[in-house]
Amino acid sequence: MATGYFSYLRLKAVAVVLRLLMGGAFFFRRRLESARYAGKQRLKIPSRDPGRHIAAELHLPEETKSPTPVLINWHGSGFVLPNLGNDAAYCAHIARTTGIAVIDADYRKAPENPFPAALHDVEDVICWVASQPERFDVDRIALSGFSAGGNLALVASSSSSSSSSSSLKERLSRSIDIKAVVAFYPPTDLSIAPEAKRAPKPRRPIPARMSRLFDACYVPDPASRKDPRVSPSYAEKGAFPGTVVIITCEGDTLAPEANALAEKLNDGSRRVVHRQLNDVGHAFDKMGKEGSQERKMRDESLFRYTVHNTDFGVYTLFCILSRIYFESILTMSIQLPDFDHLTLDPSGPKGNAWGLFGKDDQLGMLNLLTPEVVATAAREEIREGLRFSLDWELDRLAQPAFGRQVFERKLVHKAPRTVNDDIVTFNTQSSTQWDGFRHYANQEHKVFFNGHKQPDLENSLVLGIDAWVKRGGIVGRGVLLDYADWADRHNIPIKPFESSIIPLVTLKEIARENGITFRPGDILFVRSGFTAAYEKLSVEEARALGRRESHDFIGVESGEDTLRWLWENKFAAVAGDAVAFESSPVTGPQIPQDYSLHQWCLAGWGMPLGEMFYLEELAAYCREKKRWTFFLSSVPLKVPGGVASPPNAIAIV
């Protein structure tokens with residue numbers, strides 16, 4: 001008993017000194033923040049302990065309409081430091097830009113109040129919000145936190161579901177459906193010895209002695225540190241909400257455990273947004289002077305972008321995330337309707353997105369490739385400077401299918417000078433290609449993208465592929481799903497020269513296996529193994545293949561489910577290595593015209609389709625590095641009114 005008491009006194013003495021040192025460093029910053037965001041309201045939230053209240057600050061949007069969706073945030077502290085107000089800028093920005101009320105809540109600190117005191121305060125705040133349905137929309141609650149606050153947010157979000165058993169659930173007449181949780185650089189496994197924690201690329205890492213002090217203050221008994229209410233890494237996957245956002249820092253010793261939790265939760269049953277920020281350490285947003293990497297990263301991650309999440313209901317669920325992340329992509333001002341709300345132009349065919357980017361738009365989904373999206377992709381994906389050409393040779397097909405012209409090349413010697421010209425003649429769809437919006441119309445309505453008809457194309461240059469080039473081409477983050485490799489590992493035969501399908505469920509499985517989280521504006525590539533199989537044919541076999549009356553080739557499964565998946569993932573363009581992106585023929589007895597991918601993507605949405613891309617060398621690199629994203633640069637031919645074009649594409653990693 002005496003030993004425990006003296007240990008407590010020692011911890012308290014060290015904590016007091018630490019509070020004086022670190023508290024003084026942040027005191028004036030918090031005062032300045034409070035002055036900047038004077039519009040907030042101070043709250044005293046009742047505690048479960050009679051006569052005690054929990055301090056909090058309420059940030060309201062400029063226009064408040066009750067009941068208001070709410071985000072509850074908890075600051076970082078090491079479970080020891082009194083830092084309420086450190087996140088004022090974050091909370092105020094969210095309230096100002098999203099229409100969501102934000103409660104920045106305090107909690108008791110250790111060692112005076114060890115676990116579970118802080119968690120009880122967190123639960124009390126959630127219960128208080130849930131008890132005021134006239135003021136807050138209790139069906140639209142999200143949680144967030146930084147560092148120790150991120151730990152508490154993760155714990156609370158995994159303790160509130162109907163499948164969990166906790167004091168939080170027991171205190172409510174019904175379970176609280178937390179819609180999302182956002183955790184910035186959280187500790188998620190306190191059972192790991194601080195000395196064993198290693199930053200991926202150390203940058204001001206938390207000293208092991210300090211981590212040991214914080215852990216001892218918060219959970220004095222090491223045997224309790226695997227409790228899911230202490231270490232959310234040990235919580236059941238099914239207990240977490242439908243959207244989980246975990247942001248870690250490359251220089252932080254806490255990154256590996258939080259990264260592991262994000263990977264564990266990314267099983268396809270929820271939306272997981274996970275990003276490790278490069279070149280910054282723990283609490284980067286609370287440090288750094290003007291002009292520093294930390295301040296730059298903070299400004300870009302906390303002030304510029306808002307992630308919109310339709311899972312939060314008719315309201316937008318924001319998460320302020322890194323511009324370096326899908327965060328920056330989902331945060332565009334362009335808001336896409338749900339798949340079920342398509343057919344934007346009632347005079348057009350089913351599922352059309354005409355007018356989404358303006359009635360005269362000629363870019364379609366390429367509008368998602370904003371400067372921010374491209375800059376983010378370049379910053380994240382170009383690491384080694386290796387380049388892979390994604391174009392097949394223009395004369396690779398001995399006989400193009402569909403009766404298309406064979407590539408011809410003529411060398412012109414400009415005698416008597418030793419000078420040469422060359423003349424090439426080819427069909428723009430006789431090798432690797434982007435299908436433009438002039439290529440394929442809605443066959444029933446006989447209209448192209450944005451309602452243009454055949455006479456429009458014959459009498460003008462509208463919808464020409466040159467419009468893409470004028471915008472800068474198809475440039476952004478590429479994502480590879482390697483079906484051929486998956487099929488080989490699972491002993492599934494590939495039939496590239498038959499009308500065989502790549503099932504949608506398999507593509508989802510491949511993405512899940514490789515930890516891929518799609519971002520709006522991604523450029524999707526699917527490797528079927530077609531080009532590799534074709535290159536093994538003799539010249540005679542290749543010519544016979546191209547002359548077949550039936551155009552049967554492997555490709556992605558068509559149908560409503562695939563269309564929904566493509567739209568909801570907000571791809572800017574999609575491509576594959578087969579003759580068509582989807583299984584050929586693109587329509588037939590088993591593939592109703594109503595759900596033809598060619599028809600919906602090109603004529604309905606303005607989503608470019610890429611075909612016969614050469615993915616073999618890139619795929620080999622991706623398999624070796626277990627890295628499935630890259631920077632794509634593709635600049636088609638600048639042919640005014642062009643129907644299709646070789647992509648002139650390279651992947652840079």
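Letter 481 of the sequence shown, counting from 1, is numbered 481 in UniProt numbering, and no numbers are missing. Where is the CB? At the ideal position from N, CA and C, for every residue including glycine. Since the structure is predicted, the reported quantities are computational estimates derived from the model, not experimental observations.
Between residue 610 and residue 518, is the Cβ-Cβ spacing less than 9 Å?
For the purposes of this step, residue 610 is taken as the residue at position 610 of the sequence shown. For the purposes of this step, residue 518 is taken as the residue at position 518 of the sequence shown. No, the Cβ-Cβ distance between residue 610 and residue 518 is not below 9 Å.
Collapsed DSSP secondary structure at residue 188 in the structure displayed:
By one-based count along the sequence shown, residue 188 stands at place 188. Reduced to three states, the DSSP call for residue 188 is coil.
In chain order, what residues of the same chain have a beta carbon less than 6 Å from the beta carbon of residue 121, not counting five sequence neighbours either side?
Stepping through the sequence shown from its first residue, residue 121 is reached at position 121. Closer than 6 Å at the Cβ level, and outside the excluded window around residue 121, lie 54, 107 and 108.
Under the rule that 16 or more other beta-carbon atoms within 10 Å means buried, what is residue 608, buried or exposed?
Here residue 608 refers to the residue found at position 608 when the sequence shown is read from its first residue. Under the 10 Å beta carbon count, residue 608 is surrounded by 16 or more other beta carbons and is classified as buried.
Please work out which residues of its chain come closer than 8 Å, Cβ to Cβ, to residue 484, disregarding the five sequence neighbours upstream and downstream, and give them in chain order.
Start at 1 with the first residue of the sequence shown, and residue 484 comes out as number 484. Taking C-beta separations shorter than 8 Å and ignoring five residues to either side along the sequence, the partners of residue 484 in its chain run 494, 527, 528, 529, 532 and 619, following chain order.
Contact between the stretch 507 to 523 and the stretch 569 to 577 is defined here as three or more beta-carbon pairs at a separation below 8 Å; is this criterion met?
yes
Tell me whether the beta-carbon of residue 408 lies closer than 9 Å to the beta-carbon of residue 426.
To locate residue 408, count along the sequence shown from 1; it is residue 408. To locate residue 426, count along the sequence shown from 1; it is residue 426. In contact: residue 408 and residue 426 (Cβ atoms closer than 9 Å).
Stretch-stretch touch, CB-based, cutoff 8 Å, three pairs: the stretch 273 to 283 with the stretch 243 to 251
yes
Are at least three pairs of beta-carbons, each pair with one atom in the stretch 260 to 269 and one in the stretch 197 to 212, less than 8 Å apart?
Contact between the stretch 260 to 269 and the stretch 197 to 212 is absent, because fewer than three Cβ pairs lie under 8 Å.
Residue of 457, 95 and 535 minimising C-alpha distance to residue 640:
Position 640 of the sequence shown holds residue 640. Nearest C-alpha to residue 640: 457.
DSSP on residue 284, reduced to helix/strand/coil?
Start at 1 with the first residue of the sequence shown, and residue 284 comes out as number 284. DSSP places residue 284 in helix when its eight states are reduced to three.
Just curious, the beta strand (DSSP E) that residue 388 is in, first and last residue?
Sequence index remark: in the sequence shown, residue 388 carries index 388 (1-based). Start and end: 387 to 389.
Within 10 angstroms of the Cβ of residue 123, are there 16 or more other Cβ atoms? Answer buried if so, exposed if not.
Here the question's residue 123 lines up with position 123 in the sequence shown. Answer is buried; the Cβ neighbour count reaches 16.
Quick check: does the Cβ of residue 645 come within less than 8 Å of any heavy atom belonging to the ligand GTP?
The ligand GTP is not part of this structure, which contains no ligands at all.
If you compare alpha carbons, which of 448, 556, 455 and 217 is closest to residue 500?
Here residue 500 is taken as the residue at index 500 of the sequence shown, counted from 1. Minimum Cα distance to residue 500 is reached at 556.
Every unbroken beta strand (DSSP E) within the stretch 50 to 111, with a cutoff of 3 residues, ordered by chain
53 to 59, 68 to 74 and 101 to 105
State the Cα-Cα distance for the pair residue 177 and residue 239, rounded to the nearest angstrom.
What you label residue 177 is simply residue 177 of the sequence shown in a count that begins at 1. What you label residue 239 is simply residue 239 of the sequence shown in a count that begins at 1. Roughly 11 Å between the two C-alpha positions.
Evaluate residue 41 with the Cβ neighbour count: other Cβ atoms within 10 Å of its Cβ, from every protein chain shown; 16 or more gives buried, anything less gives exposed.
For the purposes of this step, residue 41 is identified with residue 41 of the sequence shown, where counting begins at 1. Label assigned to residue 41: exposed.
Between the stretch 61 to 70 and the stretch 131 to 148, can you find at least three pairs of beta-carbon atoms closer than 8 Å?
yes
For residue 81 and residue 224, what's the separation of their Cα atoms in angstroms?
For the purposes of this step, residue 81 is identified with residue 81 of the sequence shown, where counting begins at 1. For the purposes of this step, residue 224 is identified with residue 224 of the sequence shown, where counting begins at 1. Rounded to the nearest angstrom, the two C-alpha atoms are 22 Å apart.
Buried or exposed: residue 633, going by 16 or more other Cβ atoms within 10 Å of its Cβ?
Along the sequence shown, one-based indexing puts residue 633 at 633. Classification for residue 633: buried.
Per DSSP, what kind of secondary structure is residue 193 in: helix, strand or coil?
Within the sequence shown, the letter at position 193 stands for residue 193. In this structure, residue 193 counts as coil in the three-state DSSP scheme.
Unbroken beta strand (DSSP E) run spanning residue 462, endpoints
Stepping through the sequence shown from its first residue, residue 462 is reached at position 462. Per DSSP, residue 462 belongs to no beta strand (DSSP E) and is neither H nor E.
Alpha carbon of residue 302 to alpha carbon of residue 285, nearest angstrom
Locating residue 302 in the sequence shown gives position 302, where the first residue counts as 1. Locating residue 285 in the sequence shown gives position 285, where the first residue counts as 1. In this predicted model, residue 302 has a pLDDT of only 46, less than 50, meaning its place in the structure is not dependable; the value taken from the coordinates is given anyway. So the two alpha carbons sit approximately 8 Å from each other.
Just verifying my parser: in three-state terms, what is the DSSP assignment at residue 611?
Working through the sequence shown from its first residue, we reach residue 611 at position 611. Residue 611 carries a strand assignment under DSSP once its states are collapsed to helix, strand and coil.
Flag this pair as yes or no: are the beta carbons of residue 596 and residue 553 separated by less than 9 Å?
Here residue 596 refers to the residue found at position 596 when the sequence shown is read from its first residue. Here residue 553 refers to the residue found at position 553 when the sequence shown is read from its first residue. No; because the gap between Cβ atoms is not below 9 Å, this pair is not in contact.
Going by DSSP in three states, residue 524 sits in which element: helix, strand or coil?
Locating residue 524 in the sequence shown gives position 524, counting from the first residue. Looking at residue 524 - three-state DSSP - the assignment turns out to be strand.
Ends of the alpha helix (DSSP H) at residue 371?
As a working note, residue 371 is residue 371 in the sequence shown. Per DSSP, residue 371 belongs to the alpha helix (DSSP H) from 371 to 381.
Check each candidate in 444, 368, 421 and 406 and name the one with the smallest Cα separation from residue 472.
Indexing the sequence shown from 1 puts residue 472 at position 472. Residue 368 is the option with its Cα nearest to residue 472.
Cβ atoms of residue 186 and residue 242: under 9 Å apart, would you say?
Residue 242 sits at position 242 when you count from the first residue of the sequence shown. Residue 186 sits at position 186 when you count from the first residue of the sequence shown. No; because the gap between Cβ atoms is not below 9 Å, this pair is not in contact.
Among 99, 649 and 100, which has the Cα closest to the Cα of residue 390?
Walking along the sequence shown from the start, residue 390 turns up at place 390. It is 649.
Ends of the beta strand (DSSP E) at residue 145?
Along the sequence shown, one-based indexing puts residue 145 at 145. In the DSSP assignment, residue 145 falls within the unbroken beta strand (DSSP E) covering 136 to 146.
Between the Cα of residue 179 and those of 272, 605, 112 and 114, spot the shortest distance and give me the residue it belongs to.
Working through the sequence shown from its first residue, we reach residue 179 at position 179. Nearest C-alpha to residue 179: 272.
Counting C-beta neighbours from all protein chains within 10 Å, is the total for residue 598 16 or more, i.e. buried, or is it exposed?
As a first step, residue 598 must be located in the sequence shown, where it is residue number 598. Per the 10 Å Cβ criterion, buried.
Just curious, the alpha helix (DSSP H) that residue 616 is in, first and last residue?
Stepping through the sequence shown from its first residue, residue 616 is reached at position 616. 616 to 625 is the span of the alpha helix (DSSP H), which, as asked, contains residue 616.
Give the single residue among 549, 93 and 79 whose Cα lies nearest to the Cα of residue 59.
For the purposes of this step, residue 59 is identified with residue 59 of the sequence shown, where counting begins at 1. Across the set 549, 93 and 79, the C-alpha of 93 shows the shortest separation from the C-alpha of residue 59.
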